[in-house]
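Engineer: Each residue of the sequence shown is one higher than the last, beginning at 127 in the working numbering. Beta carbons: idealized from backbone N, C-alpha and C, even for Gly. None of the values given here were measured: they were computed from a predicted structure.
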Amino acid sequence: QVQLVESGGGLVQAGGSLRLSCAASGGTFSIYAMGWFRRAPGQEREFVATINWSGGTTSYADSVKGRFTISKDNAKNTMFLQMNPLKPKDTAVYYCTTRRFGKSYETWGSGTQVTVSS
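(1) Going by the CB atoms, is the gap between residue 205 and residue 194 shorter than 8 angstroms?
(2) Determine the contact status of residue 164 and residue 174, defining contact as a CB-CB distance below 8 angstroms.
(3) In or out: residue 159 buried (at least 16 other Cβ within 10 Å) or exposed?
(4) Give the straight-line distance between the Cα atoms of residue 181 and residue 168, rounded to the nearest whole angstrom.
(5) Where does residue 203 fall in DSSP's three states?
See below:
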């Protein structure tokens, strides 16, 4: 059973940066890809970025492309999301997630709050 723990959220001014981390443990052999989603107040959860387990393939939502970078430390089973420059519309709870090959995202962390002030 995979467990995910996010960290790195906080309050930052527009134009600033944050780096989120997601540490995976337990059953990591089954992970095909990891990803970040976010949910802003009153909105549906939306896809942000994904990376395959080896770290060689990445994909981004259009809203963050060119500003966010997803990466992975394979030795530490940890995924990162570097966010820069941040905008007020990036304010949301950010969730780390994993999926197995051929499956939907099914394991989720508890989330970390990112607040960007104008």
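Structural biologist: According to the structure data:
(1) Here residue 194 refers to the residue found at position 68 when the sequence shown is read from its first residue. Here residue 205 refers to the residue found at position 79 when the sequence shown is read from its first residue. For residue 194 and residue 205, no; Cβs fall outside 8 angstroms.
(2) Locating residue 164 in the sequence shown gives position 38, where the first residue counts as 1. Locating residue 174 in the sequence shown gives position 48, where the first residue counts as 1. For residue 164 and residue 174, yes; Cβs fall inside 8 angstroms.
(3) Within the sequence shown, numbered from 1, the residue matching residue 159 stands at position 33. Counting the other Cβ atoms within 10 Å of the Cβ of residue 159 gives 16 or more, which makes it buried.
(4) Along the sequence shown, read from residue 1 onward, the residue named residue 181 stands at position 55. Along the sequence shown, read from residue 1 onward, the residue named residue 168 stands at position 42. Spanning the two alpha carbons is a distance of roughly 32 angstroms.
(5) Position 77 of the sequence shown, counted from the first residue, corresponds to residue 203. Note: residue 203 maps to coil in three-state DSSP.
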